[in-house]
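Undergrad:
Residue numbers (my numbering): 727 to 1060.
1. What residues in its chain sit with their C-beta under 7 Å from that of residue 814, if we drop five residues either side in the sequence?
2. On the CB-based measure, 16 or more other CB atoms within 10 Å of its CB, does residue 780 come out buried or exposed?
3. Hey, how far is the Cα of residue 789 from the Cα of residue 782?
4. Can you give the Cα-Cα distance for residue 1064 and residue 1028, rounded to whole angstroms?
5. Please classify residue 876: is it buried, with 16 or more other beta-carbons within 10 angstroms of its beta-carbon, or exposed?
6. Answer yes or no: do residue 760 and residue 920 have a C-beta to C-beta separation smaller than 8 Å?
7. Report buried or exposed for residue 739, applying the criterion of at least 16 other Cβ atoms within 10 angstroms of its Cβ.
8. Please report the residue range of the alpha helix (DSSP H) in which residue 837 lies.
9. How long is the line joining the alpha carbons of residue 867 and residue 840, rounded to whole angstroms?
10. Let's test the definition: count the other Cβ atoms within 10 Å of the Cβ of residue 918 and tell me whether it reaches 16, buried, or not, exposed.
11. Hey, out of 879, 847, 956 and 792, whose CA is closest to residue 983's CA?
12. Look up residue 897 in the DSSP assignment and say whether it is helix, strand or coil.
13. Using the Cα positions of residue 909 and residue 924, report the straight-line distance between them to the nearest angstrom.
14. To the nearest angstrom, report how far apart residue 870 and residue 934 are at their CA atoms.
15. Taking only three categories from DSSP, how would you classify residue 891?
16. For residue 762, which of 809, 817 and 752 has the nearest alpha-carbon?
17. Going by C-alpha distance, which of 744, 961, 942 and 832 is nearest residue 1012?
18. CA-CA distance, residue 1030 and residue 1002?
19. Which of helix, strand or coil does DSSP assign to residue 814?
20. Excluding sequence positions up to five away, which residues of its chain have a Cβ less than 8 Å from the Cβ of residue 888?
21. Taking C-alpha atoms, which residue in 799, 891 and 734 lies nearest to residue 751?
22. Between which two residues does the alpha helix (DSSP H) holding residue 971 run?
23. Using only the alpha-carbon positions, how far apart do residue 856 and residue 953 sit?
24. Rounded to whole angstroms, what is the Cα-Cα separation between residue 946 and residue 987?
25. Take residue 902 and list the residues in its own chain whose beta-carbon comes closer than 6 Å to its own, dropping the five residues that flank it on each side.
26. Residue ranges of each alpha helix (DSSP H) run of no fewer than 4 residues wholly in the segment 996-1047, ordered along the chain?
27. Please state if the CB of residue 1036 and the CB of residue 929 are separated by a distance shorter than 8 Å.
28. Just curious, the alpha helix (DSSP H) that residue 904 is in, first and last residue?
29. Name the residue from 845, 756 and 931 whose alpha carbon lies nearest to the alpha carbon of residue 879.
30. Can you grab the Cα-Cα spacing for the pair residue 990 / residue 966, in whole Å?
31. Which value, in whole angstroms, describes the spacing of the CA atoms of residue 838 and residue 976?
32. What is the DSSP secondary structure of residue 759, reduced to helix, strand or coil?
33. In the DSSP assignment, the alpha helix (DSSP H) including residue 864 goes from what residue to what residue?
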């Protein structure tokens, strides 16, 4: 397994390079000049004022290397990121990594909690539905989950803000930021409760669609497993239904949803862009969205590169879990 993990880590290098090349080219070809946006649009005034504005823009472009050809800009950027130096933000001239370190714990906090909740509830729901196939409860759960899965996260977030966040109805949950004013003066227990209270709505918006999808996959996996010959043999020998389900069937049924973990992480990272923007949460998603609007190229490249790395790590993690769940799988043989 160590050899397989090492090979996969080495394979990440050309994969990330390919992603950064495509991203770098796309954002450089997008309309809009970050130098002009940094100083504001050219003033509509005298010829002298317009000439001064153009000179400032050209100096700004030279300062950030935007006057060089795109391939040269990419090579210079690539040379810096070897030392994890993503440059300075065009927006406030701060080191990009400083802004990343401020935001990434928030996004990881949201997504780790969401993924944990997805699997915590999806596995029991899937087991229940598979063991009560075609019953009224199975049909009710299936209908409810399909309704959840069909609801866009931004629409759900809007409804929650409207009905539970003090819009026109109840004011049960906060709808902005992750802490209340004066949170730094709270005790540890008060701060934790305040943080959890702020997380309820955004975490729910990140969780419900993944929960619906994974639970359906768990149900399908369980149904396929309990129809196998060895399950029928175990039942014929008089083994209790609980032992058959939780000892013999469950482990093999986990294989499909374990592989989904590698795809669930990038999906939630993408979804957090929307949720963080709606709930004004200072995470990576909001940072990347604001950077795209302001043509802050260094921040966009940093967010994209880190997201790509986390996605590849998630895929590797799912492969390792796949081998743990099913010991007959040899990763080295793959």
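C-beta atoms are modelled at their ideal positions from N, C-alpha and C, and glycine is treated no differently.
TA: Considering the structure as presented:
1. 820, 821, 822 and 1024
2. exposed
3. 10 Å
4. Not covered by the structure: residue 1064. The range shown for the chain is 727 to 1060.
5. exposed
6. no
7. exposed
8. 822-857
9. 20 Å
10. exposed
11. 847
12. strand
13. 12 Å
14. 11 Å
15. strand
16. 817
17. 832
18. 16 Å
19. strand
20. 894 and 895
21. 799
22. Taken as a continuous stretch (DSSP letters only), residue 971 belongs to no alpha helix (DSSP H), as it is neither H nor E.
23. 11 Å
24. 16 Å
25. 1006
26. 1010-1019
27. no
28. From DSSP, residue 904 is part of no alpha helix (DSSP H); its letter is neither H nor E.
29. 931
30. 34 Å
31. 23 Å
32. coil
33. 862-876
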